[in-house]
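K.L.:
Before I ask anything, here is the structure I am working with.
2 protein chains.
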Amino acid sequence: MLQGTLSKRDAEELAAALKALADPIRLRVLSFIAAQPEGEACVCHVTAPVGLSQPTVSHHLKLLHTAGLLEREKRGAWVYYRVVPERLEAIRAALATTPVRPRAAKRA
Amino acid sequence: MLQGTLSKRDAEELAAALKALADPIRLRVLSFIAAQPEGEACVCHVTAPVGLSQPTVSHHLKLLHTAGLLEREKRGAWVYYRVVPERLEAIRAALATTPVRPRAAKRA
DNA sequence: GCGTGTCATCGAGACATGTCAATATATCTC
DNA sequence: GAGATATATTGACATGTCTCGATGACACGC
């Protein structure tokens, strides 16, 4: 997708997605959740590893969710977050400089 | 690289690289330069397409250069910038969730 | 050397972001 | 319903980022 000059709208969209990723805390949260055996984690489970207050973690989770990188599922009093690999893959594909191989980005 | 939980340092490094990309102007600048037939462009050539002042464009170019995404070459009064595809590729590789195929990330 | 053109840096203003304490909302248990 | 636990929202503060005009630094041609 980085072949021709990006349109204003495309650039803004891609930048918004990258902005969600461009934070060390959010990257750690994302990788932490992805690394769970069940592939999911509730907020209270994430707070300790990153060493920040619960509201702050909640805020980051919200940003990641809004960016489509995490999906949210409420189960009782808990809220479980799970990574959306397709979304991450789409962002990676958007950064490809070499012509996108037809197969690689196909599965949505 | 997004397999285990990212270390603090790795997360900060990757976040810094993504921060350089996470701006619509910089994405457009990057794609614009990459789209040039010669693969390079001088500052004055970039200013008009993005519609911002010269100091602002210079600032963005500096950020991209600092992040290792652009290389700088001075030729007379002009300064030419060129995309460093390996750097972009490294960032893409760092975002891979699926186990990295041994071949893909090999060429540094 | 002087004017012109290109690029970088500086300083300042406007705005966005990360963080927390305090509070609100929701759920479960008793 | 009261108390306890989990999560989200609010308000406030500090810090970072984007942008510009003004200025500085360098190269070229006369």
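Chains X and W supply the protein sequences, listed in that same order.
Residue 584 is where the first sequence starts when you use the working numbering, and the numbers rise one by one after that.
Residue 584 is where the second sequence starts when you use the working numbering, and the numbers rise one by one after that.
Note that the Cβ used here is the ideal one computed from N, Cα and C, for glycine as well.
Quick caveat: nothing in here was measured; it's all calculated off a predicted structure.
Determine whether the Cβ of residue 658/X lies closer than 7 Å to any Cβ atom of chain W.
P.N.:
Start at 1 with the first residue of the first sequence, and residue 658/X comes out as number 75. No, residue 658/X lies away from the interface with chain W (no Cβ there is under 7 Å from its Cβ).
K.L.:
Which two residues bound the contiguous beta strand (DSSP E) that contains residue 656/X?
P.N.:
Working through the first sequence from its first residue, we reach residue 656/X at position 73. In this chain, the beta strand (DSSP E) harbouring residue 656/X covers 653-658.
K.L.:
Counting only Cβ pairs nearer than 7 Å, list the residues of chain X close to residue 602/W.
P.N.:
Stepping through the second sequence from its first residue, residue 602/W is reached at position 19. Within 7 Å Cβ-Cβ: 605.
K.L.:
Kindly identify the DSSP beta-bridge partner or partners of residue 624/X.
P.N.:
If you number the first sequence from 1, residue 624/X lands on position 41. Bridge partners of residue 624/X: 664/X.
K.L.:
Along the stretch 615-634 of chain W, what residues have a CB closer than 8 Å to any CB found in chain X?
P.N.:
Those residues of the stretch 615-634 of chain W placed with their C-beta closer than 8 Å to a C-beta in chain X are 615, 617, 618 and 632, ordered along the chain.
K.L.:
What did DSSP end up calling residue 680/W once you bin it into helix, strand or coil?
P.N.:
Sequence index remark: in the second sequence, residue 680/W carries index 97 (1-based). It is coil, neither helix nor strand.
K.L.:
Please name the residue, chosen from 641/W, 602/W and 625/W, that lies closest to residue 659/W on a Cα-to-Cα basis.
P.N.:
The residue given as residue 659/W occupies position 76 in the second sequence. Of 641/W, 602/W and 625/W, the residue nearest in Cα terms is 625/W.
K.L.:
For the putative contact between residue 611/X and residue 588/W, defined by C-beta atoms under 8 Å, what is the C-beta separation to the nearest angstrom?
P.N.:
Looking up residue 611/X in the first sequence gives position 28. Looking up residue 588/W in the second sequence gives position 5. About 6 Å separates the two Cβ atoms, so the contact holds.
K.L.:
Have a look at residue 653/W and residue 646/W and give me their C-alpha separation to the nearest angstrom.
P.N.:
Within the second sequence, the letter at position 70 stands for residue 653/W. Within the second sequence, the letter at position 63 stands for residue 646/W. Cα to Cα, residue 653/W sits roughly 9 Å from residue 646/W.
K.L.:
Residues in the same chain with beta-carbon distance under 7 Å from residue 632/X, minus the five sequence neighbours each way, listed in chain order, please.
P.N.:
Within the first sequence, the letter at position 49 stands for residue 632/X. So the list reads 615, once near-sequence residues are dropped.
K.L.:
Considering Cα atoms alone, identify which of 675/X, 679/X and 680/X is closest to residue 679/W.
P.N.:
As a working mapping, residue 679/W is identified with position 96 in the second sequence. Among 675/X, 679/X and 680/X, the Cα nearest to that of residue 679/W belongs to 675/X.
K.L.:
Less than 8 Å between C-beta atoms, sequence neighbours within five positions excluded: which residues of the same chain meet that for residue 609/X?
P.N.:
Taking the first sequence and counting its residues from 1, one reaches residue 609/X at position 26. Answer for residue 609/X: 603, 643, 646 and 647, listed in chain order.
K.L.:
Kindly indicate which three-state DSSP category residue 619/X falls into: helix, strand or coil?
P.N.:
Counting from one through the first sequence, the residue named residue 619/X turns up at place 36. In this structure, residue 619/X counts as coil in the three-state DSSP scheme.
K.L.:
Quick one: give me the first and last residue of the alpha helix (DSSP H) that residue 593/X is part of.
P.N.:
Along the first sequence, read from residue 1 onward, the residue named residue 593/X stands at position 10. It spans 591-604 - the alpha helix (DSSP H) in which residue 593/X sits, taken as one unbroken run.
K.L.:
Could you work out which residues of chain W lie near residue 610/X, taking near to mean beta carbons separated by less than 7 Å?
P.N.:
Within the first sequence, the letter at position 27 stands for residue 610/X. Within chain W, the residues near residue 610/X are 589, 594, 597 and 598.
K.L.:
With DSSP as the reference, label residue 650/W as helix, strand or coil.
P.N.:
Along the second sequence, one-based indexing puts residue 650/W at 67. Here residue 650/W sits in coil by DSSP.
K.L.:
For a test of the three-state rule: what should DSSP assign to residue 588/W, helix, strand or coil?
P.N.:
Within the second sequence, residue 588/W is the residue found at index 5, counting from 1. Residue state, collapsed to three classes: coil.
K.L.:
In this structure, how does DSSP classify residue 644/X when only helix, strand and coil are distinguished?
P.N.:
Start at 1 with the first residue of the first sequence, and residue 644/X comes out as number 61. Three-state DSSP puts residue 644/X in a helix.
K.L.:
Using the Cβ count rule (16 or more neighbours within 10 Å means buried), how would you classify residue 686/W?
P.N.:
If you number the second sequence from 1, residue 686/W lands on position 103. Confidence at residue 686/W is low in this model, with a pLDDT of 45, below 50, so the placement of that residue should be treated as unreliable; the coordinate-derived value is given next. Exposed is the call here.
K.L.:
Helix, strand or coil for residue 613/W, going by three-state DSSP, please let me know.
P.N.:
In the second sequence, the residue the question calls residue 613/W occupies position 30. Three-state result, residue 613/W: helix.
K.L.:
Is residue 671/X helix, strand or coil when you go by DSSP?
P.N.:
Here residue 671/X refers to the residue found at position 88 when the first sequence is read from its first residue. In this structure, residue 671/X counts as helix in the three-state DSSP scheme.
K.L.:
Taking Cβ-Cβ distances shorter than 9 Å, what residues in chain W pair up with residue 665/X?
P.N.:
Taking the first residue of the first sequence as position 1, residue 665/X is located at position 82. The premise fails here: residue 665/X is roughly 12 Å from chain W at the closest Cβ pair, so nothing lies under 9 Å.
K.L.:
At the 7 Å Cβ level, is residue 649/W part of the contact set with chain X, yes or no?
P.N.:
Residue 649/W sits at position 66 when you count from the first residue of the second sequence. Taking Cβ atoms only, chain X never reaches closer than 7 Å to residue 649/W, which makes this a no.
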